[in-house]
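What follows is a short report on a single structure.
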Amino acid sequence: MLQQTQVITVIPYFEKFITKYPTLSDLADADEEALLKDWEGLGYYNRIRNFQSAVREVKENYGAEVPEDPDEFFKLKGVGPYIGGAVQSIAFNHLLAAVDGNVLRVMSRLNADARDTTKAGVQKSVKEEIESMMPLEAGDFNQALMELGATVCTPRTPKCIVCPVQEHCEAFRDNTVHDYPVKKKKPKKKEEYYNVYFILNDREEIYLYRQEGDLLKGMYELPKFDVDTSMENIESELGVELDQKKVYIGSDKHVFTHKVWYMESYLLHTTSSNEHFMPLDEVRDVPMSTAMKKVFRKLATDGAGGL
DNA sequence: CATTCGTGGCA
DNA sequence: TTGCCAAGAAT
1 MLQQTQVITV
11 IPYFEKFITK
21 YPTLSDLADA
31 DEEALLKDWE
41 GLGYYNRIRN
51 FQSAVREVKE
61 NYGAEVPEDP
71 DEFFKLKGVG
81 PYIGGAVQSI
91 AFNHLLAAVD
101 GNVLRVMSRL
111 NADARDTTKA
121 GVQKSVKEEI
131 ESMMPLEAGD
141 FNQALMELGA
151 TVCTPRTPKC
161 IVCPVQEHCE
171 AFRDNTVHDY
181 PVKKKKPKKK
191 EEYYNVYFIL
201 NDREEIYLYR
211 QEGDLLKGMY
221 ELPKFDVDTS
231 MENIESELGV
241 ELDQKKVYIG
251 SDKHVFTHKV
261 WYMESYLLHT
271 TSSNEHFMPL
281 DEVRDVPMST
291 AMKKVFRKLA
301 TDGAGGL
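Each step along the first sequence adds one to the number in UniProt numbering, with nothing skipped, and position 34 is 34.
Written out as structure tokens, the structure reads:
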């Protein structure tokens with residue numbers, strides 16, 4: 001949960017998961033769609049699939065005991081350098097570093113390190129440097145380093161005046177704290193323009209399906225097409241016959257890490273039905289991305305009422 | 001090594 | 001309004 005996600009955001013999800021899935025088996029046996037519903041809104045949805053995969057692996061191949069051997073633990077899905085170091089140091093006191101964004105920022109300033117911290121090789125180097133001076137209280141040390149970054153050595157206005165390691169900080173000495181960490185600039189987000197359709201039939205059902213591909217995989221979405229797609233193509237793609245008149249619902253923008261969706265939504269009627277149609281009162285129970293929820297919200301407020 | 005994975009808060 | 005950033009990992 002904590003991968004690229006703030007602690008404050010994670011807390012309510014964490015509470016829900018440990019309550020609803022208190023044991024390894026509860027998580028291992030859970031339905032993927034139910035897990036996605038509980039993860040809804042947290043983003044990076046592959047994380048929960050990876051986690052379930054790791055839990056099943058532990059249950060089946062490690063006697064339901066989380067492996068204390070770092071080499072074994074690192075084999076689990078979703079376990080990378082950070083999670084591996086964090087868990088193995090905090091839970092089992094192995095002398096491994098837990099290098100997250102906070103730690104990279106702290107270390108780059110301490111050393112006035114101008115290397116690009118987005119590069120895996122640089123992160124590995126920082127990890128090895130920390131491990132070369134790791135005290136026996138590895139878990140505490142890792143958490144202290146992260147906490148220092150989260151509360152004192154912050155991105156914008158670091159509180160150098162109260163920093164406990166100020167006298168060791170090369171960037172502070174040089175008055176160049178704001179030059180670190182060095183990161184390569186992110187490429188511009190790709191803009192994508194879609195028409196999104198609420199297709200309702202006579203039985204109060206709506207066309208809704210699980211998203212495939214990689215982005216938002218497993219989350220339910222409304223039929224969505226490039227803006228230049230003809231109605232004939234849409235009917236043929238979806239296997240439905242659509243009434244001529246369509247009602248404009250609204251416009252939504254949704255920003256992802258690497259792309260932006262611009263969505264225009266419309267309400268359409270059909271007399272068709274197929275396996276993709278779902279009763280309207282079941283829509284609330286399926287996992288849906290924040291992007292699609294925005295579109296639905298507009299229908300509920302401005303549209304034909306009813307949801 | 002670079003790209004692709006969500007979402008919300010903040011300046 | 002825009003870009004940055006968050007207890008990163010898989011591909």
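Ideal placement from N, C-alpha and C gives every residue a C-beta, glycine not left out.
Cβ distance (whole Å) where residue i is taken to contact residue j below 8 Å
i           : j           : result
residue 150 : residue 111 : Incorrect: roughly 19 Å between the Cβ atoms, too far for contact.
residue 182 : residue 114 : 5 Å
residue 214 : residue 194 : That belief does not hold up - the Cβ atoms of residue 214 and residue 194 are roughly 17 Å apart, past 8 Å.
residue 243 : residue 184 : With a Cβ gap of about 51 Å, residue 243 and residue 184 do not count as contacting.
residue 287 : residue 218 : 7 Å
residue 45  : residue 3   : That pair is no contact at about 12 Å.
Residues near residue i in its chain [Cβ-Cβ closer than 8 Å; skip 5 each side]
i          : result
residue 28 : 52, 55, 56 and 59
residue 12 : none
residue 30 : 21 and 52
Distance, residue j Cα to residue i Cα
i           : j           : result
residue 307 : residue 270 : For residue 307, the pLDDT reaches just 45, beneath the cut-off of 50, and the residue's location in the model is therefore unreliable, leaving the point undetermined.
residue 224 : residue 296 : 13 Å
residue 85  : residue 92  : 10 Å
residue 284 : residue 261 : 23 Å
residue 63  : residue 73  : 13 Å
residue 236 : residue 66  : 50 Å
residue 254 : residue 263 : 8 Å
residue 124 : residue 221 : 39 Å
residue 294 : residue 265 : 11 Å
residue 16  : residue 196 : 32 Å
residue 189 : residue 258 : 5 Å
residue 187 : residue 256 : 13 Å
residue 246 : residue 267 : 6 Å
residue 172 : residue 81  : 28 Å
residue 6   : residue 133 : 28 Å
residue 19  : residue 83  : 22 Å
residue 291 : residue 168 : 46 Å
residue 240 : residue 198 : 13 Å
residue 71  : residue 145 : 24 Å
residue 251 : residue 170 : 50 Å
residue 48  : residue 10  : 13 Å
residue 1   : residue 14  : 8 Å
residue 50  : residue 78  : 5 Å
residue 135 : residue 94  : 10 Å
residue 279 : residue 75  : 42 Å
residue 238 : residue 275 : 11 Å
residue 61  : residue 32  : 21 Å
Nonlocal neighbours in the same chain, by C-beta distance under 6 Å from residue i, ignoring five residues either side
i           : result
residue 97  : 85, 127, 130 and 131
residue 24  : 55, 59 and 64
residue 142 : 89 and 98
residue 37  : 287
residue 289 : 216 and 219
residue 148 : 106
Sequence-distant residues of its chain with Cβ nearer than 7 Å to residue i (five each side left out)
i           : result
residue 203 : 273
residue 277 : 201, 205, 206 and 207
residue 68  : 92
residue 122 : 115 and 116
residue 174 : 112
residue 100 : 82 and 146
residue 41  : 290
residue 248 : 266
residue 153 : 105, 106, 109 and 163
residue 138 : 89, 93, 94, 95 and 96
Runs of 3 residues minimum, wholly inside the segment 162-234: which ones carry the beta strand (DSSP E) assignment? Counting only runs of 3 or more, we get 190-200, 205-207 and 224-226.
Is there contact here, the segment 208-216 with the segment 168-186, by at least three beta-carbon pairs under 8 Å? Cβ pair count under 8 Å is below three, so no.
Note down, one range per segment and in chain order, each alpha helix (DSSP H) of at least 4 residues found wholly within the UniProt domain "HhH-GPD" (1-151). The UniProt domain "HhH-GPD" (1-151) contains these whole alpha helix (DSSP H) runs: 7-20, 24-28, 32-39, 46-61, 70-73, 81-90, 101-110, 120-132 and 138-151.
Would the segment 229-241 count as touching the segment 160-173 if we require 3 or more Cβ pairs under 8 Å? The answer is no - the segment 160-173 does not touch the segment 229-241, with fewer than three Cβ pairs under 8 Å.
In chain order, which alpha helix (DSSP H) runs of at least 4 residues are fully inside the segment 234-269? Along the segment 234-269, the alpha helix (DSSP H) does not occur as any fully enclosed run of 4 or more residues.
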